[in-house]
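A.B. asks: The structure is given below, and queries will be raised subsequently.
Numbering (this note's numbering), first residue to last: 182 to 443.
Written as structure tokens, this is what we have:
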């Protein structure tokens, strides 16, 4: 599939209610003048971004991006990224923003800005059922897979006490490694674990350690205050009308917290 995929603002987009919808005038002039919204999405990170049986983009971030484009009355252009190149693609202007289960971290906030959170994601250590992994010390000497450049990678690496970390370029490759038996332990999200269980059958993996619970948000370049304001108003409106909550539950199987973390 090409790195960029263009979707019309009409067919295939979620119809947006006019109730509580941010005004089109709030969209920054540069985006309106160009006439399309360029959003970086990771299609190798189910259930946030993936492709369906017809090789069409789907997932909670994809659907949220389509909702945003429809509300702003713009065609959506998907710019495909992986965890390691999300920030470089943003900083070099290849996309207006990143919507790719982009956890808000202090390290990232030194380089880019974020909108208000529109979802949450846990970082966990998962392993085979029946295998005791009560703490980080129990991982010493074992191979632990994770996705290179992700917040999962950073959080687990900071707490690692002797595990051999095996890094994969995207979540899809990590899942393949798990299902094929290349690794038996992963530092990842419960959603990625659930996808691996679906492919492996009999749900062989379970959460052993909860490393952290992170909010995720839309990543933008530093200083783009008009875009940040427009995104925050859009998130507030679609949290209030329930659309972002419905999208999250549809793909993640659980509700968002009533009070989202800051």
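Quick reminder that beta carbons are idealized off the backbone N, C-alpha and C, glycines included.
Computed from a predicted structure; not experimentally measured.
1) Is it buried or exposed, residue 370, if we count other Cβ atoms within 10 angstroms and call 16 or more buried?
2) Kindly indicate which residue of 251, 222, 383 and 417 has the alpha-carbon position closest to the one of residue 265.
3) Got a sec? Which residues, its chain only, sit under 8 Å from residue 282 by beta carbon, not counting five neighbours each side?
4) Considering only residues of the same chain and omitting the five flanking positions on each side of residue 390, which have a CB-CB separation below 6 Å?
5) Does the Cβ of residue 236 have 16 or more other Cβ atoms within 10 Å, making it buried, or fewer, making it exposed?
6) Between the region 414-425 and the region 310-318, do at least 3 Cβ pairs fall closer than 8 Å?
7) What is the rounded straight-line gap between the Cα of residue 252 and the Cα of residue 246?
8) Looking only at C-alpha atoms, which of 335, 285 and 334 sits nearest to residue 443?
9) Assuming residue 349 contacts residue 326 (C-beta within less than 8 Å), just tell me the rounded distance between them.
10) Would you kindly report the start and end of the unbroken alpha helix (DSSP H) that includes residue 303?
11) Which partner residues does residue 232 have in the DSSP bridge list?
12) Using the Cα positions of residue 360 and residue 216, report the straight-line distance between them to the nearest angstrom.
13) Are residue 263 and residue 365 close, meaning C-beta to C-beta below 7 Å?
14) Let's test the definition: count the other Cβ atoms within 10 Å of the Cβ of residue 419 and tell me whether it reaches 16, buried, or not, exposed.
15) Figure out for me which residue from 367, 336 and 421 has the closest Cα to the Cα of residue 393.
16) Does DSSP put residue 282 in a helix, a strand or coil?
17) Please go through the region 338-394 and give each complete alpha helix (DSSP H) segment of 4 or more residues, from N-terminal end onward.
18) If distances are taken between C-alpha atoms only, which option among 432, 276 and 376 comes closest to residue 258?
19) Over what stretch of residues does the alpha helix (DSSP H) that includes residue 440 continue unbroken?
20) Grab the span of the beta strand (DSSP E) containing residue 320 for me, first residue to last.
21) Flag this pair as yes or no: are the beta carbons of residue 208 and residue 400 separated by less than 7 Å?
22) Can you give the Cα-Cα distance for residue 304 and residue 395, rounded to whole angstroms?
23) Tell me whether residue 234 is buried or exposed, calling it buried when 16 or more other Cβ atoms sit within 10 Å of its Cβ.
24) Going by other Cβ atoms of all chains shown within 10 Å of its Cβ, with 16 needed for buried, is residue 240 buried or exposed?
25) Can you give me the Cβ contacts of residue 378 inside the same chain, cut-off strictly under 7 Å, excluding the 5 residues immediately before and after it?
26) Work out the CA separation of residue 244 and residue 204 for me, nearest whole Å.
27) Taking C-alpha atoms, which residue in 430, 320 and 347 lies nearest to residue 363?
C.D. replies: Let me spell this out:
1) Sixteen is the threshold: when 16 or more other Cβ atoms of the shown chains lie within 10 Å of the Cβ of residue 370, as they do, the residue is buried.
2) Ranking 251, 222, 383 and 417 by CA distance to the CA of residue 265 puts 222 first.
3) Cβ neighbours of residue 282 beyond the five flanking positions: 223, 226, 229, 230, 242, 300, 302, 370 and 397.
4) If we look at residue 390 and ignore the five residues flanking it on each side, its Cβ neighbours are 306.
5) Counting Cβ neighbours within 10 Å, residue 236 comes out exposed, since fewer than 16 surround it.
6) No: fewer than three Cβ pairs fall under 8 Å.
7) The straight-line gap separating the alpha-carbon atoms of residue 252 and residue 246 is approximately 10 Å.
8) Scanning 335, 285 and 334 for the CA closest to the CA of residue 443 turns up 285.
9) That pair is a contact at about 6 Å.
10) Here residue 303 belongs to no alpha helix (DSSP H); instead the beta strand (DSSP E) covers 294-309.
11) Residue 232 pairs with 238.
12) Spanning the two alpha carbons is a distance of roughly 42 Å.
13) No, Cβ-Cβ distance for residue 263 and residue 365 is not below 7 Å.
14) Answer is buried; the Cβ neighbour count reaches 16.
15) Looking from the CA of residue 393, the closest CA among 367, 336 and 421 belongs to 336.
16) When secondary structure is reduced to three states using DSSP, residue 282 falls in the coil class, being assigned neither helix nor strand.
17) Secondary structure in the region 338-394: the alpha helix (DSSP H) runs of 4 residues or longer, each lying completely within the stretch, are 352-360 and 371-381 in chain order.
18) Taking residue 258 as reference, the option from 432, 276 and 376 with the minimal CA-CA separation is 276.
19) Where residue 440 is concerned, there is no enclosing alpha helix (DSSP H), given that its DSSP letter is neither H nor E.
20) No beta strand (DSSP E) contains residue 320, which DSSP labels as neither H nor E.
21) Taking 7 Å as the Cβ cut-off, residue 208 and residue 400 do not qualify as a contacting pair.
22) So the two alpha carbons sit approximately 8 Å from each other.
23) It counts as exposed.
24) Classified as buried, residue 240 has 16 or more neighbouring CB atoms from the shown chains inside 10 Å of its CB.
25) So the qualifying residues of the chain are 384, 385 and 386.
26) Low confidence applies here, because residue 204 scores a pLDDT of 48, under 50, leaving its location unreliable; read the following figure in that light. So the two alpha carbons sit approximately 20 Å from each other.
27) Here the closest residue by C-alpha is 347.
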